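Worksheet for the structure shown next.
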Amino acid sequence: MEKSGNPPPYAPPYGGAPQYGGPQPGFQPPPPGPPHHEPQQTVIVTHTVSQVPVGPSPTSTTCPSCHAQIITSVETETTTKTHLFALLLCLFGCWPCCCIPYCMDSCQAKTHYCPNCRAYIGKFDN
Ligand SMILES: [Zn+2]
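To convert, note that position 2 of the sequence shown is 2 in full-length UniProt numbering; the numbers rise steadily by one, no gaps.
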């Protein structure tokens with residue numbers, strides 16, 4: 001009877017001490033730069049496009065682009081909030097519910113467009 005003895009524990013040859021890049025040079029923190037006082041040339045163009053206050057449903061308004069009396073066409077848009085709601089539902093274990101925010105209109109933003117010229121009219125984000 002031959003006993004299958006355990007192989008001797010194999011110690012891998014030590015590859016020498018890890019080499020350091022010599023003594024560390026005197027570490028100097030980066031000097032605080034001189035305060036920049038550049039004249040700010042930011043021209044803030046507050047060109048507020050006459051945004052029509054829109055609701056979640058198609059609104060009768062005058063298109064700012066083609067000036068036609070239109071009823072806006074609404075496109076539903078998933079927002080960060082939609083994803084957030086879905087994530088929350090997932091976290092609370094409501095797995096089957098996590099797609100509900102994508103079906104719920106109230107969780108999505110409504111972008112209104114002009115049906116004539118496809119101009120952006122406004123956005124309703126509840
Ligand atoms: Zn238009």
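All residues carry an ideal CB built from backbone N, CA and C; glycine is no exception.
These numbers come from a predicted model, not from an experiment.
query = Taking just the CA atoms, how far does Pro-53 sit from Glu-75?
reply = 16 Å
Counted within 10 angstroms of its Cβ, other Cβ atoms place Gln-108 as buried (16 or more) or exposed = buried
ask   = Can you find a heavy atom of ligand 1 that lies under 6 Å from the Cβ of Ser-60?
value = No, the Cβ of Ser-60 stays beyond 6 Å of every heavy atom of ligand 1.
message = Using CA atoms only, rank isn't needed, just tell me which of Glu-77, Asn-116, Thr-111 is closest to Pro-101.
response = Glu-77
key: Separation of Leu-87 from Thr-62, as counted between CA atoms   = 38 Å
request  = Would you grab the beta carbon distance between Asn-126 and Cys-66 for me? Rounded to a whole angstrom, and I think it's under 8 Å.
outcome  = Not confirmed; about 28 Å, so no contact.
query = Measuring CB to CB, does Ser-73 end up less than 7 Å from Tyr-113?
reply = yes
key: Three-state class that DSSP yields for residue 138 in the structure shown   = The question about residue 138 has no answer here: the residues shown for the chain are numbered 1 through 126.
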